[in-house]
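A short write-up of the structure that comes next.
Protein chains: 2
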Amino acid sequence: MKQYDIIIVGAGAAGMTAAVYTCRKNLKTAIVSIDIGGQTNLTNHIENYPGTGAMPGPELMQKFKEDAVKFGAEFISGKVTKVEKEKKEFLVTINNKETVKTKAIILAFGRVPRKLNIPGEDKFFGRGVSTCATCDGPLYRNKVVAVIGGGNAGTEGALELSEISTQVYLIHRREELKADPITVEKVKKKKNVEIIFNSIATEIKGDKTVKSIKIKNTTTNKEREIEINGVFIEIGAEVQSEIVKHLVKTNERNEILVDEVGVTSCPGIFAAGDVTQVPFKQTVISAGDGAKAALQCYNYLSGNTAEVQDWKKR
Amino acid sequence: MKQYDIIIVGAGAAGMTAAVYTCRKNLKTAIVSIDIGGQTNLTNHIENYPGTGAMPGPELMQKFKEDAVKFGAEFISGKVTKVEKEKKEFLVTINNKETVKTKAIILAFGRVPRKLNIPGEDKFFGRGVSTCATCDGPLYRNKVVAVIGGGNAGTEGALELSEISTQVYLIHRREELKADPITVEKVKKKKNVEIIFNSIATEIKGDKTVKSIKIKNTTTNKEREIEINGVFIEIGAEVQSEIVKHLVKTNERNEILVDEVGVTSCPGIFAAGDVTQVPFKQTVISAGDGAKAALQCYNYLSGNTAEVQDWKKR
Numbered sequence: 016m017k018q019y020d021i022i023i024v025g026a027g028a029a030g031m032t033a034a035v036y037t038c039r040k041n042l043k044t045a046i047v048s049i050d051i052g053g054q055t056n057l058t059n060h061i062e063n064y065p066g067t068g069a070m071p072g073p074e075l076m077q078k079f080k081e082d083a084v085k086f087g088a089e090f091i092s093g094k095v096t097k098v099e100k101e102k103k104e105f106l107v108t109i110n111n112k113e114t115v116k117t118k119a120i121i122l123a124f125g126r127v128p129r130k131l132n133i134p135g136e137d138k139f140f141g142r143g144v145s146t147c148a149t150c151d152g153p154l155y156r157n158k159v160v161a162v163i164g165g166g167n168a169g170t171e172g173a174l175e176l177s178e179i180s181t182q183v184y185l186i187h188r189r190e191e192l193k194a195d196p197i198t199v200e201k202v203k204k205k206k207n208v209e210i211i212f213n214s215i216a217t218e219i220k221g222d223k224t225v226k227s228i229k230i231k232n233t234t235t236n237k238e239r240e241i242e243i244n245g246v247f248i249e250i251g252a253e254v255q256s257e258i259v260k261h262l263v264k265t266n267e268r269n270e271i272l273v274d275e276v277g278v279t280s281c282p283g284i285f286a287a288g289d290v291t292q293v294p295f296k297q298t299v300i301s302a303g304d305g306a307k308a309a310l311q312c313y314n315y316l317s318g319n320t321a322e323v324q325d326w327k328k329r
Numbered sequence: 016m017k018q019y020d021i022i023i024v025g026a027g028a029a030g031m032t033a034a035v036y037t038c039r040k041n042l043k044t045a046i047v048s049i050d051i052g053g054q055t056n057l058t059n060h061i062e063n064y065p066g067t068g069a070m071p072g073p074e075l076m077q078k079f080k081e082d083a084v085k086f087g088a089e090f091i092s093g094k095v096t097k098v099e100k101e102k103k104e105f106l107v108t109i110n111n112k113e114t115v116k117t118k119a120i121i122l123a124f125g126r127v128p129r130k131l132n133i134p135g136e137d138k139f140f141g142r143g144v145s146t147c148a149t150c151d152g153p154l155y156r157n158k159v160v161a162v163i164g165g166g167n168a169g170t171e172g173a174l175e176l177s178e179i180s181t182q183v184y185l186i187h188r189r190e191e192l193k194a195d196p197i198t199v200e201k202v203k204k205k206k207n208v209e210i211i212f213n214s215i216a217t218e219i220k221g222d223k224t225v226k227s228i229k230i231k232n233t234t235t236n237k238e239r240e241i242e243i244n245g246v247f248i249e250i251g252a253e254v255q256s257e258i259v260k261h262l263v264k265t266n267e268r269n270e271i272l273v274d275e276v277g278v279t280s281c282p283g284i285f286a287a288g289d290v291t292q293v294p295f296k297q298t299v300i301s302a303g304d305g306a307k308a309a310l311q312c313y314n315y316l317s318g319n320t321a322e323v324q325d326w327k328k329r
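Listed in order, the protein sequences are those of chains A and E. If you count by this note's numbering, then the first sequence holds residues 16 to 329, one letter each, in order. If you count by this note's numbering, then the second sequence holds residues 16 to 329, one letter each, in order.
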């Protein structure tokens with residue numbers, strides 16, 4: 016059975032930064048992930064990760080990967096399907112097949128897009144329904160699309176689509192957009208974006224592909240149907256932490272509870288990034304917290320916890 | 016009197032990342048600092064800030080500055096000499112002259128190098144005594160130098176100097192280097208680096224410039240004098256938080272006490288980076304925590320604290 020010092024689950028900003036730090040401590044590190052880049056991949060134009068200038072999210076994540084590889088991180092493509100504690104070590108099963116042994120684990124597998132749970136959503140997924148305007152937007156050139164969600168993801172998505180599609184409907188359940196003011200200002204200036212407030216999607220209809228969406232105004236209860244070619248569901252993301260729930264404490268949103276340096280309720284398991292309860296979901300924050308979890312994991316493996324205990328005296 | 020939403024004190028990784036985030040929230044932001052780059056400037060080769068590849072610290076910090084400027088941050092060159100609370104706002108005095116008004120403050124002024132407090136240290140500062148191998152190393156080409164300190168700064172400094180100087184003495188008070196294993200391995204391979212363990216510097220001697228250093232073995236109490244041309248004091252750094260001590264709580268190391276998102280004991284004042292009690296001092300960690308402090312400062316100014324209170328329920 017393969018033996019590692021640290022298995023990092025997830026290859027987003029948190030996981031790959033953690034790998035840079037554990038590898039620099041000469042710890043044998045593998046990253047297990049189904050993708051490279053995590054939530055940052057969903058941004059076509061990341062401009063608030065300082066030091067790199069603006070670029071597409073996937074490009075930035077490729078650079079993170081190069082850094083992790085440079086210092087010796089091993090990438091294992093696959094899904095972690097089981098995590099078991101065995102005395103002071105852990106057994107990690109990948110794709111229900113191979114099992115590896117590790118002294119410590121850093122959980123950094125982020126979030127997955129949330130669903131509306133309305134008729135047509137699953138049926139037309141990939142045939143007009145998408146959860147990533149950045150990824151699938153280019154498929155809707157000169158077409159009509161709807162975006163569900165008025166937070167940063169939805170508003171930025173509408174902005175992006177306004178450059179590609181002829182008409183964009185931005186459907187938001189509240190009476191005001193929740194995105195950053197700079198983004199709200201921009202989207203309001205777009206002539207081909209119609210913002211529909213106080214409204215929820217109730218059904219997605221079509222034949223082979225999406226043809227229309229039914230929406231309901233929650234103030235007047237009036238329903239209407241809009242003809243569209245695609246719908247982007249951008250209502251945030253959720254943590255799927257089932258595989259480790261028997262080992263670490265989570266909150267009501269399934270987020271893994273960590274202290275200030277990524278320590279979970281289970282000795283030897285650390286967590287960082289969107290998978291934790293940290294309120295702000297940002298690439299640079301995930302990167303910073305990935306470094307903290309890695310350094311604290313190193314302290315744990317070398318039996319040095321004084322530094323942090325000292326910190327907590329406040 | 017000039018009025019700002021946010022004054023950020025210090026232009027290192029934490030302060031400049033905070034500025035990127037507050038400016039993107041359309042908050043009128045000024046950064047007051049005597050330098051650009053803070054502690055990151057002291058690194059000639061930063062390779063653990065993910066996404067940028069290796070580069071000199073000052074170059075990376077210049078990129079951070081470009082990002083902050085791009086989003087509208089105003090840079091004010093100077094030292095904050097006084098901070099006063101006036102009702103719910105603050106008065107910030109710069110260089111004992113100009114006073115500006117602000118709704119909130121983010122403290123991110125980092126640390127300054129620690130001193131040995133031995134004879135000759137002050138007398139020869141700038142004439143053979145330096146606190147930055149990265150900055151002043153090139154002045155000692157083909158000369159003999161000593162480095163005091165066996166942590167990351169000292170060990171990396173010795174490594175760097177070994178490429179420039181003919182002979183490097185690395186003087187460390189403990190019996191083992193405390194730097195990252197990867198760095199320790201490298202320095203041990205250098206034929207022109209002599210590591211002197213269990214020893215402290217007791218005096219720096221010279222005429223116009225440094226000529227020798229006296230060191231004492233703390234196990235045997237034997238003293239010896241080594242002829243050198245320069246000495247690099249790399250024993251860490253300390254926080255100088257006197258100007259805000261009447262407003263925010265600090266610990267015995269003068270570090271400003273913050274919660275998980277940079278909130279200090281004084282409403283309206285936030286802090287991030289090396290100036291706080293966070294145990295790991297790293298560029299990427301300062302950047303991440305700068306973003307958290309900025310987003311929480313935005314929450315404070317917009318009266319929204321629910322997100323974080325929710326987080327603390329754990």
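No residue lacks a Cβ here, since even glycine has one placed at the ideal position from N, Cα and C.
Proximity of residue i and residue j at Cβ, strictly below 7 Å
{"i": "M76 of chain A", "j": "G52 of chain A", "result": "yes"}
{"i": "V254 of chain A", "j": "N269 of chain A", "result": "yes"}
{"i": "V162 of chain A", "j": "E249 of chain A", "result": "yes"}
{"i": "A34 of chain A", "j": "A83 of chain A", "result": "yes"}
{"i": "A216 of chain E", "j": "L131 of chain E", "result": "yes"}
{"i": "Y36 of chain E", "j": "A309 of chain E", "result": "yes"}
{"i": "V278 of chain E", "j": "I271 of chain E", "result": "no"}
{"i": "G135 of chain A", "j": "G245 of chain A", "result": "no"}
{"i": "I211 of chain E", "j": "I186 of chain E", "result": "yes"}
{"i": "V202 of chain A", "j": "L174 of chain A", "result": "yes"}
Alpha carbon of residue i to alpha carbon of residue j, nearest angstrom
{"i": "I109 of chain A", "j": "V24 of chain A", "result": "10 Å"}
{"i": "E81 of chain E", "j": "A26 of chain E", "result": "12 Å"}
{"i": "Y64 of chain A", "j": "T233 of chain E", "result": "47 Å"}
{"i": "I179 of chain E", "j": "K226 of chain E", "result": "18 Å"}
{"i": "K118 of chain E", "j": "D195 of chain A", "result": "20 Å"}
{"i": "G283 of chain E", "j": "V273 of chain A", "result": "26 Å"}
{"i": "G172 of chain A", "j": "I22 of chain A", "result": "34 Å"}
{"i": "A28 of chain E", "j": "K296 of chain E", "result": "11 Å"}
{"i": "R129 of chain E", "j": "S145 of chain E", "result": "11 Å"}
{"i": "E238 of chain A", "j": "G125 of chain A", "result": "36 Å"}
{"i": "H60 of chain A", "j": "K40 of chain E", "result": "17 Å"}
{"i": "F79 of chain A", "j": "I300 of chain A", "result": "14 Å"}
{"i": "M16 of chain E", "j": "L192 of chain A", "result": "34 Å"}
{"i": "E113 of chain E", "j": "N157 of chain A", "result": "55 Å"}
{"i": "K328 of chain E", "j": "E267 of chain A", "result": "Confidence is the limiting factor: at K328 of chain E the pLDDT is only 45, short of 50, which leaves the residue's position unreliable and the question unanswerable from this model."}
{"i": "E275 of chain A", "j": "G164 of chain A", "result": "31 Å"}
{"i": "W326 of chain A", "j": "E190 of chain A", "result": "With a pLDDT of 48 at W326 of chain A, under the threshold of 50, the predicted position of this residue should be treated as unreliable, though the coordinate-derived value follows. So the alpha carbons of these two residues sit roughly 43 Å apart."}
{"i": "S256 of chain E", "j": "E101 of chain E", "result": "20 Å"}
{"i": "L42 of chain E", "j": "D304 of chain E", "result": "18 Å"}
{"i": "F247 of chain A", "j": "E89 of chain E", "result": "38 Å"}
{"i": "E322 of chain A", "j": "K260 of chain E", "result": "Bear in mind that a pLDDT of 48 at E322 of chain A, under 50, signals an unreliable position, so the number given afterwards is only what the model happens to contain. When rounded, the distance between both Cα atoms is 23 Å."}
{"i": "E62 of chain E", "j": "K97 of chain A", "result": "34 Å"}
Contact list for residue i against chain A, beta-carbon separation under 7 Å
{"i": "G303 of chain E", "result": "V299, I300, A302, G303, D304"}
{"i": "E275 of chain E", "result": "E275"}
{"i": "K307 of chain E", "result": "F295, I300"}
Which residues DSSP lists as bridging residue i, in chain order
{"i": "I46 of chain E", "result": "E:I23, E:F90"}
{"i": "K260 of chain A", "result": "Paired residues: none, contrary to the question."}
{"i": "F285 of chain A", "result": "A:I121, A:V278"}
{"i": "T6 of chain A", "result": "Because chain A is modelled from 16 through 329, residue 6 of chain A falls outside the range shown and cannot be assessed."}
Interface residues of chain E facing residue i [CB-CB closer than 8 Å]
{"i": "V35 of chain A", "result": "N63, P65"}
{"i": "K78 of chain A", "result": "P65, G66, T67, G68"}
{"i": "I20 of chain A", "result": "Note that residue 20 of chain A is Asp in the sequence shown, not Ile. What D20 of chain A touches in chain E: nothing, since even the nearest Cβ is about 12 Å away."}
Partners in chain A for residue i, counting only beta-carbon separations shorter than 8 Å
{"i": "M31 of chain E", "result": "P65"}
{"i": "L75 of chain E", "result": "G66"}
{"i": "D151 of chain E", "result": "Neighbours of D151 of chain E on chain A: none; closest Cβ ~25 Å, over 8 Å."}
Residues that residue i contacts on chain E, provided the C-beta gap is smaller than 7 Å
{"i": "P196 of chain A", "result": "K40, N41"}
Within chain A, the residues that residue i reaches when beta carbons sit closer than 9 Å
{"i": "L310 of chain E", "result": "P294, F295, Q297, I300"}
{"i": "D137 of chain E", "result": "Chain A residues near D137 of chain E: none, gap ~30 Å exceeds 9 Å."}
Amino acids of chain E, ordered along the chain, whose beta-carbon sits closer than 9 Å to that of residue i
{"i": "D50 of chain A", "result": "In chain order: nothing, as chain E lies at least about 17 Å away."}
Taking only runs of the beta strand (DSSP E) that begin and end inside the stretch 154-188 of chain A, which ones reach a length of at least 3 residues, in chain order? 159-163, 182-186
Extract the residue ranges of the beta strand (DSSP E) inside the stretch 100-157 of chain E, only unbroken runs of 3 or more that lie entirely within it. 104-109, 113-122
Where in the stretch 177-246 of chain A do unbroken runs of the alpha helix (DSSP H), each at least 4 residues long, occur, reported from the N-terminal end onward? 196-203
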